[in-house]
Every structure is written in C-alpha cells, then in structure tokens.
Amino acid sequence: MDENMMTSVPLFSALNAQDQDELRSMMSEVTLRRGEKLFNEGEEGDRLYLIVEGKMKLGHTSGDGRDNLIAVLGPGEMIGELTLFDPGPRSTTATAVAATRMMELEHSAMMVFLDAHPELAKHMLRALAQRLRRTNNALADLVFSDVPGRVAKALLDLADRFGKPAADGTIHVPHELTQEELAQLVGASRETVNKSLAEFGSRGWLSLENRGVHLMDVERLRRRAR
Numbered sequence: 002m003d004e005n006m007m008t009s010v011p012l013f014s015a016l017n018a019q020d021q022d023e024l025r026s027m028m029s030e031v032t033l034r035r036g037e038k039l040f041n042e043g044e045e046g047d048r049l050y051l052i053v054e055g056k057m058k059l060g061h062t063s064g065d066g067r068d069n070l071i072a073v074l075g076p077g078e079m080i081g082e083l084t085l086f087d088p089g090p091r092s093t094t095a096t097a098v099a100a101t102r103m104m105e106l107e108h109s110a111m112m113v114f115l116d117a118h119p120e121l122a123k124h125m126l127r128a129l130a131q132r133l134r135r136t137n138n139a140l141a142d143l144v145f146s147d148v149p150g151r152v153a154k155a156l157l158d159l160a161d162r163f164g165k166p167a168a169d170g171t172i173h174v175p176h177e178l179t180q181e182e183l184a185q186l187v188g189a190s191r192e193t194v195n196k197s198l199a200e201f202g203s204r205g206w207l208s209l210e211n212r213g214v215h216l217m218d219v220e221r222l223r224r225r226a227r
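The sequence shown begins at 2 in my numbering and counts up by one.
If you want it as structure tokens, here you go:
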C-alpha cells in the first residue's frame, strides 16, 4: 500500500505520517481472483483486512442451504473487524467478486497498535456503526418494502459507492454481481428481481449490461425506493 493509498483510506487518514508508516510496515498484501474465497463462515478469525482495490462480497448460508448476500464491500472498507472486538468464528464467507487487492493485519498486532493509538479505535467503531446502520436499514426494507423498491434502493446504494458518471449524463455502476448475486443482495428470487429490472428498463430508468448497469433516471429510482 503506497503512501497516497494509506492517506486516502478514511480509517487511517486521521493518523500522522509517522503512524501511517508504522501501521503500513505491519501489514502484508493479499490478492484474490474473482470467485476466490478469503475465508469461510465458521472459520476462526485472527486478522483484519482492508480492501485496496476490487470488491468483496460477504455471504451467509442458512441451515437449509440457501445463500444470502449480506454486503458488497469496496476500497477503503474493512473485513474481519468483528472478530477484533469479539473473537470467535467468522460469521460470513468472504469471496472476491472482482480481482481484489487487500492489506492484512494480524489482530494481535492491531491490538498493540490500538493501545498506542486509541483515536484509531474511535474511527473503527464509527465504521462498525455505519455497517450496522446499513444492516438495520436492509432488515427494515425486507419487512416494509416490496421487491421493486428494494431493487431500486440496492442499485442506488451500489451507485453511491461504486458508480462513475458517464459522458452522456448517466451513472455507470460496475457492481460485478451476477443476476443471482444481485437477487441474494435484495433478498428475493432471481425471477422477481429480473422482472423489476426489466420494468425499470422499459420505463427508461436504466439499461443493463453484464455485471453492471447504467442509471439514466436516478430521481425516479429514488422515488421508487421510498
């Protein structure tokens, strides 16, 4: 991780240059291909990961074998922070949905660093609170929103985090998810989600591409997501 990359990560931006150098020296690099797993649900966790490039998905498998996509994470976000504060088995399976580069740090080394830099713990807790808020909102959507509304909201969230403005005024969202993965993220069947996407496309709100989407009418999608 170069100096500019370390500074651009919100979690570490509050540290001075000397502290950033110290933390960077304690980290090692991990690279994954698309579809490669970082760890499996139930495995013991002993390290924290920071995404530098690419995207990772966190999934959970129910007792009857159904898969659920909990979150899609990108550059600057952490994986494995829960076991830092509450040691135990991994609660999800982490899989790369695109070629991904990460920095890893053993929890024992991280705890030593946190003891010397308590202000970093505040930033980590803020990141955890943001993740928890997103999870709570997703649970509320499952109860109170219909599938088209959840699809619209998921696309807007992906656009906020991964979207890139295009020359024609649309927003290109290379989310890297398959149709099945997008359905798991929404918490609905693939057929129902595809029906919602087709409806949005027929209204001119978006156009689909392989593992991505162009949003052409963000305001209409926002209204549908409410």
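Built from N, CA and C at the ideal position, the CB exists for glycine as well.
Is Met57 a contact residue of the ligand ZN, with contact defined as CB to any heavy atom under 8 Å?
Annotation note on the ligand ZN: not contained in the displayed structure, which lists no ligands.
Between Pro149 and Glu200, which are expected to be in contact by the criterion C-beta below 8 Å, what is the C-beta distance as a whole number of angstroms?
On the sequence shown, residue 149 is found 148 positions in, with the first residue counted as 1. On the sequence shown, residue 200 is found 199 positions in, with the first residue counted as 1. The pair is a contact, with the Cβ atoms about 7 Å apart (cut-off 8 Å).
Assess, as a yes-or-no matter, whether the segment 27-38 is touched by the segment 77-84 under the definition of 3 or more beta carbon pairs within less than 8 Å.
Flag = no, the segment 77-84 and the segment 27-38 do not touch.
Using the rule of at least 16 other Cβ atoms within 10 Å of the residue's Cβ for burial, across every protein chain shown, is Gly55 buried or exposed?
Taking the first residue of the sequence shown as 1, we reach residue 55 at position 54. Under this definition Gly55 is a buried residue.
In chain order, which continuous runs of the alpha helix (DSSP H) of length 4 or greater are located wholly inside the segment 34-107?
83-86
Where do the ends of the alpha helix (DSSP H) carrying Ser190 lie?
Counting from one through the sequence shown, the residue named residue 190 turns up at place 189. No alpha helix (DSSP H) holds Ser190; DSSP gives it neither H nor E.
Alpha carbon of Ala15 to alpha carbon of Asn195, nearest angstrom:
Position 14 of the sequence shown, counted from the start, is the residue given in the question as residue 15. Position 194 of the sequence shown, counted from the start, is the residue given in the question as residue 195. When rounded, the distance between both Cα atoms is 43 Å.
Thr32 vs Ala72 beta-carbon contact at 9 Å:
To locate residue 32, count along the sequence shown from 1; it is residue 31. To locate residue 72, count along the sequence shown from 1; it is residue 71. No, Cβ-Cβ distance for Thr32 and Ala72 is not below 9 Å.
Once you ignore the five residues that flank Tyr50 on each side, which residues in its own chain have a CB closer than 6 Å to its CB?
Within the sequence shown, numbered from 1, the residue matching residue 50 stands at position 49. Only Ile80, Gly81, Met103, Glu105 meet the Cβ criterion.
Taking Gly188 as the reference, give the member of Met112, Ala141, Ser109 with the closest Cα.
In the sequence shown, residue 188 corresponds to position 187, counting from 1. Nearest option by C-alpha distance: Ala141.
For Met57 and Arg212, the rounded distance between their alpha carbons:
If you number the sequence shown from 1, residue 212 lands on position 211. If you number the sequence shown from 1, residue 57 lands on position 56. Computed Cα separation, rounded: 14 Å.
Can you check DSSP and say which residues form a bridge with Thr136?
Start at 1 with the first residue of the sequence shown, and residue 136 comes out as number 135. Paired residue(s): none; Thr136 is not in a bridge.
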